[in-house]
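Each residue of the sequence shown is one higher than the one before, starting from 1 at the first, in full-length UniProt numbering. Just so you know, even glycine gets a beta-carbon here, dropped at the ideal spot from N, CA and C. Predicted model, so just to flag it, every value in this text is computed and none were measured. Please read the structure below before turning to the comments.
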Amino acid sequence: MTDIPGYSLLGGVNTPSDLRNLRSEDLPHLAVELRRFLIETLGRIGGHFAANLGTVELTLALHRCLNTPDDRIVWDVGHQAYPHKIITGRRAGLETIRKLGGLAPFNHRAESEYDAFGVGHSSTSISAAAGMAAAFRVQQRKRRAVAVIGDGGMTGGMAFEALNHAGHAGLDMLVVYNDNDMSISENVGGLRDHSARLVQKLGLVAPHLVRLPQDGEEAVETHLDNPGALFRTFGFTYHGPVDGHDLDALTQILDAIKDARGPQLLHVITTKGKGFEPAEADPIKYHGVTQFDPVTGAFPAKKAAGAPTYTQVFGDWLCEAAERDPRVVAITPAMREGSGLVDYARRFPQRYYDVGIAEQHAVTFAAGLACEGLKPVCAIYSTFLQRGYDQLIHDVAIQNLPVLFAIDRGGLVGADGATHHGAFDLSYLRCIPNLVVMAPSDENECRRMFATGMALNGPSAVRYPRGNGLGLAIEPEYKPLPIGRGRIVRDARGRRRPRVALLAFGCMVQPALSAADILDAVVADMRFVKPIDAELVLELANENDLLVTLEDNARMGGAGSAVNEVLVAQHHKVQVLNLGLPDAFIEHGTREELLTQCGLDVAGILRSVQKRLRARDLDINESARKA
Numbered sequence: 001m002t003d004i005p006g007y008s009l010l011g012g013v014n015t016p017s018d019l020r021n022l023r024s025e026d027l028p029h030l031a032v033e034l035r036r037f038l039i040e041t042l043g044r045i046g047g048h049f050a051a052n053l054g055t056v057e058l059t060l061a062l063h064r065c066l067n068t069p070d071d072r073i074v075w076d077v078g079h080q081a082y083p084h085k086i087i088t089g090r091r092a093g094l095e096t097i098r099k100l101g102g103l104a105p106f107n108h109r110a111e112s113e114y115d116a117f118g119v120g121h122s123s124t125s126i127s128a129a130a131g132m133a134a135a136f137r138v139q140q141r142k143r144r145a146v147a148v149i150g151d152g153g154m155t156g157g158m159a160f161e162a163l164n165h166a167g168h169a170g171l172d173m174l175v176v177y178n179d180n181d182m183s184i185s186e187n188v189g190g191l192r193d194h195s196a197r198l199v200q201k202l203g204l205v206a207p208h209l210v211r212l213p214q215d216g217e218e219a220v221e222t223h224l225d226n227p228g229a230l231f232r233t234f235g236f237t238y239h240g241p242v243d244g245h246d247l248d249a250l251t252q253i254l255d256a257i258k259d260a261r262g263p264q265l266l267h268v269i270t271t272k273g274k275g276f277e278p279a280e281a282d283p284i285k286y287h288g289v290t291q292f293d294p295v296t297g298a299f300p301a302k303k304a305a306g307a308p309t310y311t312q313v314f315g316d317w318l319c320e321a322a323e324r325d326p327r328v329v330a331i332t333p334a335m336r337e338g339s340g341l342v343d344y345a346r347r348f349p350q351r352y353y354d355v356g357i358a359e360q361h362a363v364t365f366a367a368g369l370a371c372e373g374l375k376p377v378c379a380i381y382s383t384f385l386q387r388g389y390d391q392l393i394h395d396v397a398i399q400n401l402p403v404l405f406a407i408d409r410g411g412l413v414g415a416d417g418a419t420h421h422g423a424f425d426l427s428y429l430r431c432i433p434n435l436v437v438m439a440p441s442d443e444n445e446c447r448r449m450f451a452t453g454m455a456l457n458g459p460s461a462v463r464y465p466r467g468n469g470l471g472l473a474i475e476p477e478y479k480p481l482p483i484g485r486g487r488i489v490r491d492a493r494g495r496r497r498p499r500v501a502l503l504a505f506g507c508m509v510q511p512a513l514s515a516a517d518i519l520d521a522v523v524a525d526m527r528f529v530k531p532i533d534a535e536l537v538l539e540l541a542n543e544n545d546l547l548v549t550l551e552d553n554a555r556m557g558g559a560g561s562a563v564n565e566v567l568v569a570q571h572h573k574v575q576v577l578n579l580g581l582p583d584a585f586i587e588h589g590t591r592e593e594l595l596t597q598c599g600l601d602v603a604g605i606l607r608s609v610q611k612r613l614r615a616r617d618l619d620i621n622e623s624a625r626k627a
């Protein structure tokens, strides 16, 4: 693909080598084309948007000045790496990004030799680049390792652990701090406040921004409150700040410092949403987008309101709980919008804590709140709770503290792929003593489970999927559930043999009910993953020939394993079929496509059950012949 109408320069850039062959005076026009290509393409297909508009010039400067792919660029998170994908041979594939079988949503080592490190979670880039720099030292290879971190990555403690080690080790590496004052929600914390003061003093006027490192030290020391002092403390040589949209300034300073010995940090100031006025005005709204008008930024008219999402159900319940009880407090690690806390933060600002991209701190902070008699609710995505696992065990569960974890995006989340699926939470939660783990099958069950967790004098977790509920009328009054008790939601009618019972967890109850209509099976909404309802499991085992467990979690160690453990402990001989996510990392696509791929849609459930029943019949026939 060497020619795109309207893109005279971009059409000829298929690799960074093509970029390096361009004249310097062509680069600003290339940046204009690249930004326009992003706006037009993402206007059609959606995707991560505002952060990518802010890294156009930085991406061009890095690939022009470095010898990629031999030199390694590690992009933190991946929200800001679409321009990188475009100029490294994947421009034609951008239309497929985040779609089943298409380009990965973030950087992916299997996708391109230019993707030096796979990403998705925040604050990992400096550690990875430091490891590469250390490897180059051991191997005596003259290659460069560069970490590009920003869009909230510097609010994560892991970034500072890496700075501390890399500085102490004196590694030859470059950290580019892309300071756009944003993560997904606004950045929070001391570093953000310091950067904001710095930008305010600079006036965001390009002529005031430093162009060369030798000028930078003097300008910073003379005119500002020593913005590089923090990074120098870690052993880094500080350069900047530099206007991240000035290609001349960027290429000059990168050429000047790319071969410098020891740890280097380049501070660039960028604008999230740069070049698209609606995104500059509201970068949170345009962080991740669906289709939109590439001229006006307008989104299609919303469809008539249907069933609320589970995220909305949680947000509404939390506001109600906070109205009733002044001890209720909410914590989020930089996911106010995604976790449904916008209304709560507005109404109860004194009882709302956004701790930044700091999941470890969020969990232990909640533990501290609980120690003093408050009722903390930690709203967190399943995939991000993985980052606070030690704190969940060490600081919450061992001390049996009453922290309620509202775990959003349990199971398959769709287009964000393997790094963001909540595929392991039931497995890693159910093995923790003291912790009660619940999974709702509908909106009212969800509300009752939150109430149940809030009433406990110990830790609890309510794990719910991305997406909408069933559209049930919300019950204004709800009571806590009896701990560890499931319920039968469908009795078999004819009870023909073989008799089948479907034991479903959370969102798998609905497909189980649909499959049961064809199988004439019993369906149990198990409600609790821990403690499992052993009495109900054994009752169903005694009355049926086959038990089928259904969960949108890894089969290994998940809810189905809890059922198996009950049966083994009682030496029960009933046949069991565990259905769940396979022992593999599942890539991106729509949630429905991925459930089908994993055999967890209705058709897949029926295939698996009928296959097991056929095999069972064959075994019975074989035994009869031998008899």
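Just to confirm, is the Cβ distance from Phe37 to Ile4 under 9 Å? yes
Selection from Leu519, Phe299, Leu163 that minimises the alpha carbon distance to Leu265 = Leu163
Quiz item: Exposed or buried, which one is Gly101 when buried takes at least 16 other CB atoms within 10 Å?
Solution: exposed
Self-check item: Host beta strand (DSSP E) of Ala379 (start-end)
Solution: 375-381
Practice task
State the beta-bridge partners of Lys258 as determined by DSSP.
Solution key: Lys258 pairs with nothing; no bridge assigned.
Name the two residues that bound the continuous alpha helix (DSSP H) containing Asp343.
342-347
### Local conformation of Ile518 per DSSP, three classes
helix
_Candidates Thr596, Glu592, Asp545, Asp601, of which the one nearest Val576 by Cα_ = Asp545
- Item | CB of Ile149 within 9 Å of CB of Ser112, strictly | no
- request: Measure the Cβ-Cβ separation of residue 643 and Leu318 and say whether it is below 9 Å.
  value: Nothing about residue 643 can be read from this structure; the chain reaches only from 1 to 627.
Notebook entry, point to check: Does the distance from the C-beta atom of Ile483 to that of Val436 stay below 9 Å?
Noted result: yes
TODO: Mark Val377 as exposed unless 16 or more other C-beta atoms lie within 10 angstroms of its C-beta, in which case mark it buried.
DONE: buried
Simplified DSSP state of His588, which is helix, strand or coil: coil
(Q) Is the separation between the beta-carbon of Leu580 and that of Gly558 shorter than 9 Å? (A) Checking the sequence, you will find Gly at residue 580 rather than Leu. Yes, they are a contact pair.
- prompt: Hey, which unbroken runs of the alpha helix (DSSP H) at 4 residues or more fall wholly within the stretch 469-550?
  reply: 509-519, 534-543
For this session: Determine the closest residue to Ile97 out of Gln570, Arg141, Thr41, with distance taken between C-alpha atoms.
Result: Thr41
In angstroms with no decimal places, state the Cα-to-Cα distance between Arg72 and Leu10. 23 Å
task: Can you tell me which of Phe384, Lys375, Phe505, Met526 puts its alpha carbon nearest to the alpha carbon of Leu456?
output: Lys375
- request: Give every residue of the same chain whose Cβ lies closer than 6 Å to the Cβ of Phe585, excluding the five residues on either side of it in the sequence, and list them in chain order.
  value: Ala418
Q: Give the range of the alpha helix (DSSP H) segment to which Phe405 is assigned.
A: Taken as a continuous stretch (DSSP letters only), Phe405 belongs to no alpha helix (DSSP H), being part of the beta strand (DSSP E) at 404-410.
May I ask you to report which of helix, strand or coil DSSP gives Ser112? coil
- Query: From what residue to what residue does the beta strand (DSSP E) around Ser460 run?
  - Reply: 460-465
Distance between beta carbons of Ala521 and Leu550, contact taken as under 8 Å: The Cβ separation is near 11 Å, so there is no contact.
Q) How about Val176 and Ala166: do their beta carbons lie closer than 9 Å? A) no
- [ ] Please confirm whether Gly54 and Thr271 have their CB atoms less than 9 Å apart.
- [x] yes
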